[in-house]
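Working notes for the structure below.
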Amino acid sequence: MAAASPMRFPSDLLVERSLQIILENQAPTGAFIASPNFPTYAFCWFRDSSYIAYALDLHGKNEASARFHAWTASAINRRADIVQRALQKAAAGEPLTDADVLHTRYTLDGEENTTTAWENFQLDGFGTWLWALAEHQRITAQPLPDEWLQAARITADYIEGLWRHPCYDCWEEFREKIHPHTLAAIYGGLKAYGDLTGDQRDATTSAIRSFILENGQVDGRWQKFLGNSQVDASLLALSTPYRLVTPDDQIMRRTAEKIEADLCLGGVKRYATDTYYGGGQWILLAAWLGWYWCEVGEKEKALQLRQWIEAQANENGWLPEQVPVGLNEEAMYAPWVQKWGSIANPLLWSHAEYLILCKFIQDK
Numbered sequence: 017m018a019a020a021s022p023m024r025f026p027s028d029l030l031v032e033r034s035l036q037i038i039l040e041n042q043a044p045t046g047a048f049i050a051s052p053n054f055p056t057y058a059f060c061w062f063r064d065s066s067y068i069a070y071a072l073d074l075h076g077k078n079e080a081s082a083r084f085h086a087w088t089a090s091a092i093n094r095r096a097d098i099v100q101r102a103l104q105k106a107a108a109g110e111p112l113t114d115a116d117v118l119h120t121r122y123t124l125d126g127e128e129n130t131t132t133a134w135e136n137f138q139l140d141g142f143g144t145w146l147w148a149l150a151e152h153q154r155i156t157a158q159p160l161p162d163e164w165l166q167a168a169r170i171t172a173d174y175i176e177g178l179w180r181h182p183c184y185d186c187w188e189e190f191r192e193k194i195h196p197h198t199l200a201a202i203y204g205g206l207k208a209y210g211d212l213t214g215d216q217r218d219a220t221t222s223a224i225r226s227f228i229l230e231n232g233q234v235d236g237r238w239q240k241f242l243g244n245s246q247v248d249a250s251l252l253a254l255s256t257p258y259r260l261v262t263p264d265d266q267i268m269r270r271t272a273e274k275i276e277a278d279l280c281l282g283g284v285k286r287y288a289t290d291t292y293y294g295g296g297q298w299i300l301l302a303a304w305l306g307w308y309w310c311e312v313g314e315k316e317k318a319l320q321l322r323q324w325i326e327a328q329a330n331e332n333g334w335l336p337e338q339v340p341v342g343l344n345e346e347a348m349y350a351p352w353v354q355k356w357g358s359i360a361n362p363l364l365w366s367h368a369e370y371l372i373l374c375k376f377i378q379d380k
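If you count the sequence shown from 1, you need to add 16 to reach the numbering used here.
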């Protein structure tokens with residue numbers, strides 16, 4: 017594997033370049049393509065794009081963020097019947113099929129992708145959208161359109177009604193498992209919705225928090241999913257940003273230290289047995305860990321992670337999804353390249369998390 021290229025973009029230039037890459041890849045509809053050069057990612061995910069919108073809000077690009085939220089609200093409002101069917105079937109104890117749930121990714125026109133099969137039942141992105149929507153309102157201090165609030169209510173109802181159902185995690189794996197990250201995203205989304213509208217869902221958020229505290233720990237830290245004691249870098253989100261616990265909570269701190277010890281080689285791996293493109297080091301997770309370190313006052317660690325990220329930018333200022341160095345399983349790199357092509361580059365979510373990290377470092 018080739019080593020990462022030398023740093024070509026100092027932080028001030030890479031911030032502006034990241035904003036440019038994101039804005040250039042926002043469709044006229046308001047949707048963000050996940051990656052413009054990776055056909056499998058030629059869609060808009062609520063999860064990725066909610067963080068992209070948040071990054072734009074932090075850097076003053078509020079109009080572009082608003083266009084994404086308008087796109088999302090439209091996509092959800094058009095599917096209110098799907099939500100109602102899902103809630104009715106869930107309440108009746110009936111199994112949910114792929115036709116009964118909201119998809120996790122859509123075309124840039126807001127339509128379902130029907131040409132390829134996908135792991136569609138993922139709840140975390142909807143909680144993340146509610147969180148990002150509330151952050152947009154907090155940052156801009158502007159009232160939200162009624163259509164957005166309608167979509168927010170539909171979304172809150174959806175995740176509240178389905179939170180006990182196993183679903184794919186944020187890496188689109190392990191369909192039959194219960195994932196602390198997913199539950200935290202639902203918790204954070206419902207809390208954000210309550211802050212936004214006054215419609216508190218306290219019984220549900222209390223139940224989610226109690227469930228995770230009782231079932232989501234192993235050895236005094238969070239676990240990847242119930243029944244799997246590995247640490248997963250996505251567990252950072254339990255505090256940052258979803259606030260199921262505070263960043264300085266001892267369980268959270270031990271989790272972050274375990275992530276640093278087991279998964280951080282400069283960048284950060286998803287989890288120790290990850291084999292996607294061999295299981296490399298992810299840009300967005302390095303930024304996420306740095307974001308967490310900022311929240312607990314470890315600015316020097318955050319700066320080191322930012323420096324590593326900046327060293328991965330290519331001559332175009334692109335940040336990839338992951339860097340194939342120090343792979344978990346070298347033999348799995350080539351099969352993924354053969355299947356889907358080279359690693360996604362640029363990945364808009366990578367640029368967004370970098371922008372978030374830079375803002376938090378700046379404000380510390």
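No residue lacks a Cβ here, since even glycine has one placed at the ideal position from N, Cα and C.
Own chain residues within Cβ distance below 6 Å of residue i, not counting five before or after
| i | result |
| --- | --- |
| Ala47 | Cys60, Trp87, Leu124 |
| Val99 | Ile170, Tyr174 |
| Phe376 | Trp307, Cys310 |
| Gly401 | Residue 401 falls outside the range modelled here, since the chain spans only 17 to 380, and no answer is possible. |
| Trp356 | Thr56 |
| Glu192 | Pro182 |
Cβ shell of residue i (< 7 Å), same chain only, five flanking positions each side left out
| i | result |
| --- | --- |
| Thr45 | Trp87, Leu124, Asp125, Gly126 |
| Asp211 | Ala150 |
| Pro52 | Asn41 |
| Met17 | A caution first: Met17 carries a pLDDT of 44, below 50, which makes its placement in the model unreliable, though a value can still be read off. Closer than 7 Å at the Cβ level, and outside the excluded window around Met17, lie Pro340, Val341. |
| Ser366 | Ile299, Leu300, Leu335, Pro336, Glu337 |
| Gly236 | Ile267, Arg270 |
| Ser245 | Val234, Gln239 |
| Val261 | Leu254, Ser255, Ile267, Met268 |
| Val31 | Leu371, Cys374 |
| Ile224 | Trp179, Leu199, Ile202, Tyr203 |
| Glu188 | Glu135, Gln138 |
| Glu345 | Thr291, Gly294, Gly295 |
| Asp278 | Val247, Ala288 |
| Ala80 | Leu39, Gln42, Leu72 |
Between the CA atoms of residue j and residue i - distance to the nearest angstrom
| i | j | result |
| --- | --- | --- |
| Ile58 | Tyr258 | The sequence given here has Ala at residue 58, not Ile. Roughly 27 Å separates the two Cα atoms. |
| Phe14 | Ile37 | No statement about residue 14 is possible, as the shown extent of the chain runs from 17 to 380 and does not include it. |
| Ala167 | Asn129 | 21 Å |
| His119 | Ala82 | 21 Å |
| Ser21 | Gln323 | A caution first: Ser21 carries a pLDDT of 46, below 50, which makes its placement in the model unreliable, though a value can still be read off. Rounded to the nearest angstrom, the two C-alpha atoms are 13 Å apart. |
| Asp265 | Thr131 | 45 Å |
| Glu311 | Leu252 | 11 Å |
| Thr156 | His75 | 11 Å |
| Pro159 | Leu165 | 10 Å |
| Lys77 | Gly109 | 44 Å |
| Cys135 | Gln320 | According to the sequence as given, residue 135 is Glu; it is not Cys. Near 35 Å, if we compare the C-alpha coordinates of Gln320 and Glu135. |
| Ala303 | Pro111 | 38 Å |
| Ala106 | Leu178 | 7 Å |
| Ala69 | Pro182 | 27 Å |
| Glu276 | Phe54 | 29 Å |
| Ile325 | Gln378 | 16 Å |
| Lys315 | Arg95 | 43 Å |
| Ala327 | Arg286 | 20 Å |
| Gly283 | Leu363 | 15 Å |
| Ala19 | Thr220 | Reliability fails at Ala19, whose pLDDT of 47 lies under 50, so the model's placement of it is uncertain and the value that follows must be treated cautiously. Near 47 Å, if we compare the C-alpha coordinates of Thr220 and Ala19. |
| Leu305 | Leu29 | 22 Å |
| Gln104 | Asp97 | 11 Å |
| Glu230 | Asn330 | 45 Å |
Extent of the continuous alpha helix (DSSP H) run through residue i
| i | result |
| --- | --- |
| Gly306 | 299-311 |
| His119 | From DSSP, His119 is part of no alpha helix (DSSP H); its letter is neither H nor E. |
| Glu110 | No alpha helix (DSSP H) contains Glu110, which DSSP labels as neither H nor E. |
| Glu79 | 78-93 |
| Ala368 | 364-379 |
| Phe241 | That residue, Phe241, is in no alpha helix (DSSP H); it is neither H nor E in DSSP. |
| Ser255 | From DSSP, Ser255 is part of no alpha helix (DSSP H); its letter is neither H nor E. |
| Leu229 | 218-231 |
| Tyr292 | Per DSSP, Tyr292 belongs to no alpha helix (DSSP H) and is neither H nor E. |
| Leu455 | Absent from the model: residue 455. The displayed extent of the chain is 17 to 380, so no value can be given. |
| Phe62 | 62-74 |
8 Å Cβ shell around residue i - same chain, five flanking residues per side excluded
| i | result |
| --- | --- |
| Gly232 | Pro196, Leu199, Trp238, Gln239, Leu242 |
| Pro351 | none |
| Ala102 | Leu112, Asp116, Val117, Leu118, Tyr174, Gly177, Leu178 |
| Asp114 | Asn136, Phe137 |
Min CB distance residue i to chain B below 7 Å
| i | result |
| --- | --- |
| Gly333 | Chain labels in this structure do not include chain B; a single protein chain is all it has. |
Touching by the beta-carbon criterion (3+ pairs, under 8 Å), the segment 134-145 and the segment 187-203: Touching, yes, given that three or more Cβ pairs across the two stretches are closer than 8 Å.
The segment 153-172 touching the segment 75-89, judged by at least three CB pairs closer than 8 Å: The answer is yes - the segment 75-89 touches the segment 153-172, with three or more Cβ pairs under 8 Å.
Alpha helix (DSSP H) runs wholly inside the segment 157-203, at least 4 long, in chain order: You should have 162-178.
Three-pair Cβ contact test at 8 Å for the segment 214-227 versus the segment 147-163: The segment 214-227, when compared against the segment 147-163, does not touch it at the 8 Å Cβ threshold.
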